[in-house]
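Engineer:
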Amino acid sequence: MAQGYLYSLSSAKPGEGGELPGHKVTKDIADTRKSTAGVGLISPPPHHDIYSIEDLAQLIYDLKCANPEARVSVKLVSEAGVGIIASGVVKGNADHVTISGHDGGTGASSWTGIKHAGLPWELGVAETHQVLTMNNLRSRVILQADGQIRTGRDVMIAALLGADEFGMSTAPLIVLGCTMMRKCHLNTCPVGIATQDPVLRAKFEGKPEHVVNFMFMVAEEVRYFLARLGLRTLSEAIGRTDLLYANPNPVNKKATMLEFGSILKNVHHMFPNVSTKGGTVKQTIELGELEQEILKRLGKVFSSSGEHLVISKKTITNLDRAFGTRISYEISKRFGEEGLNGTRSIKILLDGSAGQSFCAFLAKGVTVELEGDANDYVGKCLSGGTVIVYPPKKAAYKSEENSIIGNVALYGATSGDCWFRGVAGERFAVRNSGCIAVVEAVGDHACEYMTGGRVIVLGPIGRNFAAAMSGGIAFLFNQGDPFTHRINVATVDLDPPSEDDLVFIRDRIKKFIELTGSELGQHILDNWQTEHAKIIKVFPRDYKRVLLEQEEEKKRLAEQKAAKEKADEEEMEGPGRPRQRTLSMDMQIAPTLIHKKKLLAKRKLSVAQRKRRSSKNPRPQDVAGFEDEEDLQDAIEDNEEDETKSDNDEELLSDDEMFHSNDFLRHINRDLDIENIMVPPHLKKNDEPLDKLRGFVKYNRQKKIYRAPEERLKDWDEVYDFESVRSNIREQAARCMDCGVPFCQGNTGCPLGNIIPKWNDYVFKKNWRQALEQLLQTNNFPEFTGRVCPAPCEGACCLAISSPAVTIKSIECAIIDYAFMQGWIKAHPPVENTGKRIAIIGSGPAALVSRYGIPTMKLDKFIVERRVKLLEDEGVRFLTNTEIGKHVPADFLLKDNDAIIVCTGSTTPRDLPVRTSSLLRSRLSTFFFSQQVNGRDAKGVCFAMEFLEKSQRRLAGENVPWEGLDAAGKRVIILGGGDTATDCIATSNRLGAKSVRAFEILPKPADSRKPDNPWPEWPLIFRVDYGHEEAQSKTGKDPRTYSVSTKTVIEQLGLKMDPRSNILTPKDKYNSEVAKVFAAGDCRRGQSLVVWAIHEGRQAARQVDEFLMGKTTLAGPGGIVTAPMTHKGHR
32 MAQGYLYSLS SAKPGEGGEL PGHKVTKDIA DTRKSTAGVG LISPPPHHDI
82 YSIEDLAQLI YDLKCANPEA RVSVKLVSEA GVGIIASGVV KGNADHVTIS
132 GHDGGTGASS WTGIKHAGLP WELGVAETHQ VLTMNNLRSR VILQADGQIR
182 TGRDVMIAAL LGADEFGMST APLIVLGCTM MRKCHLNTCP VGIATQDPVL
232 RAKFEGKPEH VVNFMFMVAE EVRYFLARLG LRTLSEAIGR TDLLYANPNP
282 VNKKATMLEF GSILKNVHHM FPNVSTKGGT VKQTIELGEL EQEILKRLGK
332 VFSSSGEHLV ISKKTITNLD RAFGTRISYE ISKRFGEEGL NGTRSIKILL
382 DGSAGQSFCA FLAKGVTVEL EGDANDYVGK CLSGGTVIVY PPKKAAYKSE
432 ENSIIGNVAL YGATSGDCWF RGVAGERFAV RNSGCIAVVE AVGDHACEYM
482 TGGRVIVLGP IGRNFAAAMS GGIAFLFNQG DPFTHRINVA TVDLDPPSED
532 DLVFIRDRIK KFIELTGSEL GQHILDNWQT EHAKIIKVFP RDYKRVLLEQ
582 EEEKKRLAEQ KAAKEKADEE EMEGPGRPRQ RTLSMDMQIA PTLIHKKKLL
632 AKRKLSVAQR KRRSSKNPRP QDVAGFEDEE DLQDAIEDNE EDETKSDNDE
682 ELLSDDEMFH SNDFLRHINR DLDIENIMVP PHLKKNDEPL DKLRGFVKYN
732 RQKKIYRAPE ERLKDWDEVY DFESVRSNIR EQAARCMDCG VPFCQGNTGC
782 PLGNIIPKWN DYVFKKNWRQ ALEQLLQTNN FPEFTGRVCP APCEGACCLA
832 ISSPAVTIKS IECAIIDYAF MQGWIKAHPP VENTGKRIAI IGSGPAALVS
882 RYGIPTMKLD KFIVERRVKL LEDEGVRFLT NTEIGKHVPA DFLLKDNDAI
932 IVCTGSTTPR DLPVRTSSLL RSRLSTFFFS QQVNGRDAKG VCFAMEFLEK
982 SQRRLAGENV PWEGLDAAGK RVIILGGGDT ATDCIATSNR LGAKSVRAFE
1032 ILPKPADSRK PDNPWPEWPL IFRVDYGHEE AQSKTGKDPR TYSVSTKTVI
1082 EQLGLKMDPR SNILTPKDKY NSEVAKVFAA GDCRRGQSLV VWAIHEGRQA
1132 ARQVDEFLMG KTTLAGPGGI VTAPMTHKGH R
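Following the working numbering, the numbering of the sequence shown begins with 32 at its first residue and continues without gaps.
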């Protein structure tokens, strides 16, 4: 069954109209809405055609005449007194009432509407059910609850309060792939749901079966609750408030102060004889006798041969409401929007006073001529028909001074012709989108929200004419100076008519006189030479702009076509003619280009000098890629300095400075080709601003982040191509969609809760200082995580659903590297010394420093030492080569310190049930693995971390013996996968291994996510990391083979362990069972990521601070500073 919705008091937008901006109105939308592509569409608020409950009843009557098979639904916002309103709606013959709660609404609503409109639907549903039952109306209407209903429990509560149906939107949208981007209004939905962009719509992967499965799950939960309540069907649960009770122990104790008696009142006990089963009594309407009579005569018109039917003078009264609407329904049911044409037509001649909604929805091919007058809503939603209304021919009064039709004529008309001899009431042609109308005078607010069509007003107009008019054209006859003050010119221009306009107006007036006998029209024609000078063309600016763009597009296409034809002719003539030049070669080189280049070189040289001053010990790799970058705040300061300098614009760099400017030389070399001189590539790139709104569509993810494998295998420098990454960093930041619900910083993404969308946006805006502040709120060591973290945030990136994720890790690394280069990172010793001593045992990220575990080519030791130096300047003392129990007794630590944090990392490698056979040992020279196996005591067999530590120590210049683990010239096998195995592959190749193979216990991952690995989980897909790429460059194939089966400190301190050999602590706490001893990092949670280690260290420090000082203001998870923690046991 079809259903028509009336949003009388819509939830998130009470009394507001909707708006679709012009840039979102595509050709398809414009065709559907009978408008023009590119012209904005505004839906008028309800008060334009509904002022009272009687108006609503009339609208329901019109809709039922337009389609008697449809169910008419009225949506009401949940609020106090909604039950009384619903009673009036049901008396107005509505079939269906929706009670919408405060937390529903669309993504296009304003925040004020979403946050502050309405009450919970539970209140509205309970009141409406009770009031309708009291008035014996409940059986005539189906009651629906709507507003964030997501589960079977929600459905059951709504049913027990009295709802027959349940509206869901958010949950099914999420099932179809919605990620709650909250960008519906921007036409940039990345999953292709709320967009008209064909590129984005192609990304939509939702299926009806997904929603069906979700509904089955909801139904199963409903069945579970019904069974527990002893009910067989959902209909038995409707209105059974006796089965509901208030939660005696709510999460928020304030809820115990609420009184639920009125909501849980069982109205069926009060009115036992009243039926409460919704929709059992059908709502009916009666057609006027005149229309019923005409309907009986339409048989021949609808026959195969057709007929031109003319119905002679019939008298109509104001009891005949919505005349012509049911006739139009019968036509549209048979012929659709085409209506009657060719051998079919209907012409009806009437006299008298027509009722409301005269000729509403009138179909094409139907002409209705009325001698008399008509009530409100004449020609409502006119759909191609022709309406002619004029006063009785015997009338002696002047038609241009007397009303002929009521208010709200032609509301929402899409096509057709109207001729009204007389004065139309208020709100004439509101939201007209295609009708052509001629009227002698109009009241207030005429042509409001109009988007198409033409309106000619021969006489006076009311105030606020053309308010919010965005399309169509209105022609007025100036009645004097105050006349133009009645026009709302906020969106329109008042132009003189063109010659084509004058021809159109004159032809229309002639036909108007012919059809209605208008004396005012005849007067205008008789005095055309003077009257046409009074014509004002009311032209909406948006509509004018679109028409001009269409004309320019036509000219451009014509010029392209002509140029192509000319080129084809020249090609046919051959290359015999000499090439003509209008400028000499020197002039083509353009001296102004050299001038611009000098200015550009001078600017970049000053920026580079400032960077060199800011950074104490800059290395080439520290500055690489940042040559074109400048902080927004620094740029403002430079501009202020430039304004205070000399106004001599000719003062440029000397030739010697120009020659030594690397940037300038690079561009000059690039411009040696005369073709490049004409369009300098760097200037062209800078002239094109990056698009942040659609960056994720326009720009590709940067794939080249490492230096060439052949190059980096020859050294131990960091593998990253910093110049390539940093020079493209703003384009990559533009790909961030600024999600409404950023999963990248949630539980499935970064454990630190990094505020990723914010610092991405600041990088895009070149506001590096603000980006740094956002980054340091949650991450103490971004220079580490930006290099070695596997980036779970990218796996949870919303963009990763349908496209490659944003390069979050590279942007994070660029922010901190830029900050170090500028000298912004400095030591900040505490302002006050509390006198407390804390001992931290360990050397990993959770213990604030990492040295030998990660290879140099992945994390340069310079980066580590730089951070260690900062920590030492802040008062942290590092005691290296110290073992607890050997060099320092554990009991001494406990006595000498106020708190101890254990951050020893995961001390037990993972086990594999594999034995190294004598054959395998004889065939292999060196055998590394990242996970424990039996037989590790054999020669040439070791744990991965032991091998990596020895190689890094020797690289650092320490005299550490290899003890048979030198990989040079040997065949190496690595057991296990992951980052550690990759580091072993890369290290072995740099040491000159003869061959390197890696065996993984798991099968080869798929290239894309499998159904059992949905977003935003970490994607278990095939990856090629830096070590694999280097091995491939040497051997031509991937080094991996898949599907191969293969605690001193803790004892001294007396700490308890869990079954996984981790230090035992309470849930979400970091304190052990030993007083003053805390644990953090891998030793507490097991082997994990560097970001988890930093997170654990931050939160352990927070708990230690609270333990020692009795309170703490350190940031909690996600960098959020909550109310100070207070330790009750502190003294």
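Every residue, glycine too, gets a C-beta built ideally from N, C-alpha and C.
Round the Cβ separation of Leu-663 and Lys-796 to the nearest angstrom and send it over; I've been treating them as touching at under 8 angstroms.
Structural biologist: As a working note, residue 663 is residue 632 in the sequence shown. As a working note, residue 796 is residue 765 in the sequence shown. Going by Cβ atoms, the distance from Leu-663 to Lys-796 rounds to 6 angstroms, so yes, they are a contact pair.
Engineer: Any contact between the region 758-771 and the region 813-825? By contact I mean 3 or more CB pairs, one from each, below 8 angstroms.
Structural biologist: Contact fails: fewer than three Cβ-Cβ distances are below 8 angstroms.
Engineer: Closer than 8 angstroms by C-beta to Arg-732: which residues in its own chain qualify, once you throw out the five before and the five after it? Chain order, please.
Structural biologist: Position 701 of the sequence shown, counted from the first residue, corresponds to residue 732. Answer for Arg-732: Gln-763, Arg-766, Ser-834, Pro-835, Ala-836, Val-837 and Thr-838, listed in chain order.
Engineer: Figure out for me which residue from Gly-132, Glu-369 and Gln-560 has the closest Cα to the Cα of Ala-189.
Structural biologist: Residue mapping note: residue 189 aligns to position 158 of the sequence shown, counting from 1. Per the Cα distances, Gly-132.
Engineer: Out of curiosity, what's the CA-to-CA distance linking Ser-118 and Leu-163?
Structural biologist: Within the sequence shown, residue 118 is the residue found at index 87, counting from 1. Within the sequence shown, residue 163 is the residue found at index 132, counting from 1. Cα-Cα distance, rounded: 6 angstroms.
Engineer: Determine whether the beta carbon atoms of Gly-386 and Leu-350 lie at a separation below 8 angstroms.
Structural biologist: Here residue 386 is taken as the residue at index 355 of the sequence shown, counted from 1. Here residue 350 is taken as the residue at index 319 of the sequence shown, counted from 1. Cβ distance < 8 angstroms, so Gly-386 and Leu-350 count as in contact.
Engineer: From the DSSP output, read off the bridge partner residues of Asn-1102.
Structural biologist: Within the sequence shown, the letter at position 1071 stands for residue 1102. DSSP lists Phe-1109 as partners of Asn-1102.
Engineer: DSSP has Lys-424 in a bridge; who is on the other side?
Structural biologist: Residue numbering aside, residue 424 sits at position 393 when the sequence shown is read from its first letter. Answer by DSSP bridge pairing: none, since Lys-424 is not bridged.
Engineer: With DSSP as the reference, please indicate the residues paired to Pro-513 in a beta bridge.
Structural biologist: The sequence position of residue 513 within the sequence shown is 482, counting from 1. DSSP lists no partner for Pro-513.
Engineer: Name the two residues that bound the continuous beta strand (DSSP E) containing Leu-925.
Structural biologist: Within the sequence shown, residue 925 is the residue found at index 894, counting from 1. Element bounds for Leu-925: not the beta strand (DSSP E) but the alpha helix (DSSP H), 921-927.
Engineer: Answer yes or no: do Leu-371 and Ile-362 have a C-beta to C-beta separation smaller than 8 angstroms?
Structural biologist: Counting from 1 along the sequence shown, the entry for residue 371 is found at position 340. Counting from 1 along the sequence shown, the entry for residue 362 is found at position 331. In this structure, Ile-362 lies closer than 8 angstroms to Leu-371 by Cβ.
Engineer: Do the CB positions of Ile-1125 and Asn-811 come within less than 8 angstroms of each other?
Structural biologist: Position 1094 of the sequence shown, counting from 1, holds the residue named residue 1125. Position 780 of the sequence shown, counting from 1, holds the residue named residue 811. Their beta carbons are under 8 angstroms apart, which means Ile-1125 touches Asn-811 by this criterion.
Engineer: Could you tell me which whole beta strand (DSSP E) segments of length 3 or greater appear in the region 540-576?
Structural biologist: Entirely contained in the region 540-576, the beta strand (DSSP E) runs reaching 3 residues are, in chain order, 566-571.
Engineer: Kindly provide the ranges of any beta strand (DSSP E) runs that are 3 or more residues long and lie completely inside the region 446-498, ordered along the chain.
Structural biologist: Listed in chain order, they are 446-454, 464-472 and 482-488.
Engineer: DSSP three-state call for Thr-522: helix, strand or coil?
Structural biologist: Numbered from its first residue, the sequence shown carries residue 522 at position 491. Note: Thr-522 maps to coil in three-state DSSP.
Engineer: With distances taken from CA atoms, which of Gly-415, Lys-411, Asp-407 and Ser-384 is nearest Lys-395?
Structural biologist: In the sequence shown, counting from the first residue as 1, residue 395 sits at position 364. Among Gly-415, Lys-411, Asp-407 and Ser-384, the Cα nearest to that of Lys-395 is on Gly-415.
Engineer: Per DSSP, which one or two residues make a beta bridge with Met-1088?
Structural biologist: Taking the sequence shown and counting its residues from 1, one reaches residue 1088 at position 1057. Met-1088 is bridged to Ile-1094.
Engineer: Locate the alpha helix (DSSP H) running through Gln-763, then write down its first and last residues.
Structural biologist: Walking along the sequence shown from the start, residue 763 turns up at place 732. First-last of the alpha helix (DSSP H) with Gln-763: 760-764.
Engineer: Can you tell me whether DSSP reads Arg-1002 as helix, strand or coil?
Structural biologist: Numbered from 1 along the sequence shown, position 971 holds the residue referred to as residue 1002. The answer is strand: DSSP assigns Arg-1002 an E or B state.
Engineer: Here's a check: name, in chain order, each residue in its chain whose Cβ is nearer than 8 angstroms to the Cβ of Ile-269, leaving out the five neighbours to either side.
Structural biologist: Here residue 269 is taken as the residue at index 238 of the sequence shown, counted from 1. Ala-190, Leu-191, Gly-193, Ala-194, Asp-195, Thr-307, Lys-308 and Gly-309.
Engineer: Grab the span of the beta strand (DSSP E) containing Ala-505 for me, first residue to last.
Structural biologist: In the sequence shown, residue 505 corresponds to position 474, counting from 1. Run containing Ala-505: 502-508, per the beta strand (DSSP E) assignment.
Engineer: Say whether the region 421-436 touches the region 445-455, bearing in mind that this needs 3 or more beta-carbon pairs closer than 8 angstroms, one atom from each stretch.
Structural biologist: With the cut-off at 8 angstroms, the region 421-436 and the region 445-455 touch.
Engineer: Spatial neighbours of Pro-422 within its chain, please: C-beta separation below 8 angstroms, excluding the five flanking residues on both sides.
Structural biologist: Within the sequence shown, numbered from 1, the residue matching residue 422 stands at position 391. For Pro-422, where only same-chain residues beyond five positions count, the Cβ hits under 8 angstroms are Glu-402, Gly-403, Asp-404, Tyr-428, Ser-430, Asn-433, Ile-435, Arg-452 and Gly-453.
Engineer: May I ask you to report which of helix, strand or coil DSSP gives Gln-227?
Structural biologist: Residue numbering aside, residue 227 sits at position 196 when the sequence shown is read from its first letter. In this structure, Gln-227 counts as coil in the three-state DSSP scheme.
Engineer: Of the residues Lys-285, Leu-260 and Pro-279, which one's Cα is nearest the Cα of Asp-273?
Structural biologist: Here the question's residue 273 lines up with position 242 in the sequence shown. The shortest C-alpha separation from Asp-273 is found at Leu-260.
Engineer: Pull up the distance between the alpha-carbon of Gly-178 and that of Ala-286, whole angstroms please.
Structural biologist: Locating residue 178 in the sequence shown gives position 147, counting from the first residue. Locating residue 286 in the sequence shown gives position 255, counting from the first residue. Distance between the alpha carbons of Gly-178 and Ala-286: 21 angstroms.
Engineer: Assuming contact is defined by CB atoms lying nearer than 8 angstroms, are Gln-1134 and Pro-1148 in contact in what I supplied?
Structural biologist: For the purposes of this step, residue 1134 is taken as the residue at position 1103 of the sequence shown. For the purposes of this step, residue 1148 is taken as the residue at position 1117 of the sequence shown. Contact flag unset, no.
Engineer: For the alpha helix (DSSP H) containing Thr-129, name the first residue and the last one.
Structural biologist: Walking along the sequence shown from the start, residue 129 turns up at place 98. Unbroken run through Thr-129 is the beta strand (DSSP E), 127-131; no alpha helix (DSSP H).
Engineer: Would you mind listing the beta strand (DSSP E) stretches within the region 781-861 that are 3+ residues and don't spill past its ends, in chain order?
Structural biologist: The region 781-861 contains no whole beta strand (DSSP E) run of 3 or more residues.
Engineer: Apart from the five residues on each side of it in sequence, which residues of its chain come closer than 7 angstroms, Cβ to Cβ, to Phe-1192?
Structural biologist: The structure shown has nothing for residue 1192, since the chain only spans 32 to 1162.
Engineer: Out of Val-439, Gly-1117, Leu-380 and Tyr-480, which one is the CA nearest neighbour of Thr-547?
Structural biologist: For the purposes of this step, residue 547 is identified with residue 516 of the sequence shown, where counting begins at 1. Of Val-439, Gly-1117, Leu-380 and Tyr-480, the residue nearest in Cα terms is Leu-380.
Engineer: Is there contact here, the region 846-858 with the region 925-939, by at least three beta-carbon pairs under 8 angstroms?
Structural biologist: Contact between the region 846-858 and the region 925-939 is absent, because fewer than three Cβ pairs lie under 8 angstroms.
Engineer: Three-state secondary structure (DSSP) at Glu-252?
Structural biologist: As a first step, residue 252 must be located in the sequence shown, where it is residue number 221. Helix.
Engineer: I need the DSSP call for Phe-197, collapsed to helix, strand or coil.
Structural biologist: To locate residue 197, count along the sequence shown from 1; it is residue 166. Phe-197 falls in the strand class under three-state DSSP.
Engineer: So Glu-814 and Cys-844 are supposed to be a Cβ contact under 8 angstroms. How far apart are they, rounded?
Structural biologist: Start at 1 with the first residue of the sequence shown, and residue 814 comes out as number 783. Start at 1 with the first residue of the sequence shown, and residue 844 comes out as number 813. Their Cβ separation, rounded to whole angstroms, is 7 angstroms, which keeps Glu-814 and Cys-844 in contact under 8 angstroms.
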